[in-house]
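Single-structure report; data block below.
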Amino acid sequence: MGKLRTYLGLERPMWLLAIASGTTLFSGGLVAAFITVLLWRLGASFLNIGYVASLYNVSLALAFFLGGSLSERFGRKRIFIISLLCSLLAILCYGIANLLLSWLIVALGLLFGRLAWGFRMTSSFSVVSSAASEKKRATAFGLVSTLGYVGSILGPIVGGVLASFHGLFVPFLLAILLMAVAIVLILLKLEKGEITSKRAIASLTEVKEAIRIEKSITVLVLLAIIGQFFNEFGNPYYFIFLESELKAPEYIMGITQSMLSIGSVIIAFPGGHFSDVFQKRKPFLVFGSFLATIGVGLTAFAVNSLMVVATYLFFGLSNALFMISLQAYFTDIAGMRKSLVFGVYQAASWFAGIPAPPIAGSIAEVYGLRGPFIVNFIGSLIVSSLLLILFTEKKKSNKWQIHRLH
């Protein structure tokens, strides 16, 4: 273990982070495949689900923006703990919704889950980018992501077995206990982290500077805005499409959810490692983007449930490869404000996705569920092509490296 840690440039904070992230994703994986289906079964219409998706996009965008700013002001430890608490609240909401048969409580759980995701991603990004050696950044992101994805693979499997033999109460209880363990672990062991800003919330000027620090970042942010708008046409409806259109049984939904993590596990570590070996980020960003486009196309023109299963495999490959390279690139060029840059990027993309789900819901109610996926596919193909043409990778910049508290 010592030799591996030395080779990868990984210090103790990243191993703690990996364990806590894996625990969180394991807990969420116990119920993740059935959340949107649960909304539908409990009486939410396609349009209702669209509005819920818009609301949780708002919460996710705010969580990314606030997480980036607050990590710089209060340290990554506190923000990561907040993310774990939000995950715990989300799990409690799903359990209560099963008892009270209310889709509104499921929606509340999704809001807490999205807050958890945003805070976890920004605070964990801060830990890894600060602790990894310069030449091993993508490798470190890849390894930490891999351990997290392993948790999300095992979660649905263990949860399904426990629910089959002991009912839903046992997996929910296990998830709550594991989240408590993760919270205690982070409270006791993770360092507070570097404070790089006196502001709790970044000013508009700081946000503009974050986007403009390099032209390449501006291009990435603009493409993220366009891409996420189109992605949100399909995102809320994949599992509903499986059940209502393709008549897939529940075990197929579980396999589909697991494919997302399996794809990520396959590519996360080797993708990050080779990105560091070649010291290039653009090829991995572009390839990851086109993998997502292929995935959307498989569902848009699906004739059976296995094509949707394959979609999630491609999404797993795409998400891990793209996000690991993106995080490494931001760390390469954004200096001490990397957490803010990452938070602004994510917040901008998720804000852009807010209006799409209700539009997609309206399209689905009139033309059927396949319509939103066709729109998503066309948009994804355009964005991937623009990324290939417009994005020019820059070398590490010294700008903002001398940033001080202000």
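So the sequence shown is numbered by my numbering: it starts at 1 and just counts up by one.
Note that beta-carbon positions come from the ideal geometry of N, C-alpha and C, so glycine has one too.
These numbers come from a predicted model, not from an experiment.
4-residue-minimum alpha helix (DSSP H) runs that sit fully inside the stretch 226 to 277, ordered along the chain: 238 to 244
Compute the Euclidean distance between the alpha carbons of Lys282 and Leu223, then round it to the nearest angstrom. 14 Å
Quick test of your reading: Ile91 and Ser27, contact by CB under 8 Å. State the CB separation rounded to the nearest angstrom. The beta-carbon separation of Ile91 and Ser27, rounded to 6 Å, stays under the 8 Å limit for a contact.
Whole-Å CB distance - Gly271 paired with Leu321, under 8 Å assumed: The Cβ separation is near 4 Å, so the contact holds.
So, are the CB atoms of Ser318 and Ile225 less than 7 Å apart? No, the pair does not count as a contact, with Cβ atoms beyond the cut-off.
For the putative contact between Phe239 and Met253, defined by C-beta atoms under 8 Å, what is the C-beta separation to the nearest angstrom? 6 Å
Would you check if there are 3 or more beta carbon pairs closer than 8 Å linking the stretch 37 to 49 to the stretch 100 to 117? As far as the Cβ criterion goes, the stretch 37 to 49 touches the stretch 100 to 117, which means the pair count is three or higher.
Segment contact flag, the stretch 53 to 66 with the stretch 371 to 380, C-beta cutoff 8 Å, min 3 pairs: no
So is Leu177 buried or exposed if we call it buried at 16+ other beta carbons inside 10 Å? Its Cβ having fewer than 16 others within 10 Å, Leu177 is exposed.
Should Gly22 be labelled buried (16 or more other beta-carbon atoms within 10 Å of its own) or exposed? With at least 16 other beta carbons inside 10 angstroms of its own, Gly22 counts as buried.
Taking Cβ positions, are Leu108 and Cys93 nearer each other than 7 Å? Taking 7 Å as the Cβ cut-off, Leu108 and Cys93 qualify as a contacting pair.
Contact check, Ala364 vs Ser305, beta carbons under 7 Å: no
Under 7 Å, do Gly142 and Ala347 count as touching if we go by C-beta distance? no
Closest by CA to Ala20, which one among Ile382, Phe112, Phe287, Ala180? Ala180
Please report how far the alpha carbon of Met307 lies from the alpha carbon of Thr299, in whole angstroms. 6 Å
Whose C-beta lies closer than 7 Å to the C-beta of Ala216 among residues of the same chain, with five residues either side of it excluded? Strictly speaking, residue 216 in this sequence is Ser, with Ala absent from that position. So the list reads Phe391, Thr392, Glu393, Lys394, once near-sequence residues are dropped.
Between Ala44, Leu25, Thr24, Asn48, which lies nearest to Ala356 when the distance is taken from Cα to Cα? Asn48
Cβ-based neighbour list, Gln228, same chain, cut-off 7 Å, excluding 5 preceding and 5 following: Ser349, Trp350, Ala352, Gly353
Cut-off 7 Å between Cβ atoms - residues of its own chain near Leu60, not counting five sequence neighbours on either side: Apart from sequence neighbours up to five positions away, the residues of its chain that approach Leu60 with a beta-carbon distance below 7 Å are Arg114, Trp117, Gly118, Trp350, ordered along the chain.
Where Ser45 falls: helix, strand or coil (DSSP): coil
Coil, strand or helix - Phe26 by DSSP: Three-state result, Phe26: helix.
If you follow the alpha helix (DSSP H) that Pro372 is part of, which residue opens it and which one closes it? 370 to 390
Rounded C-beta distance between Val296 and Ser380? I'm assuming under 8 Å. 5 Å
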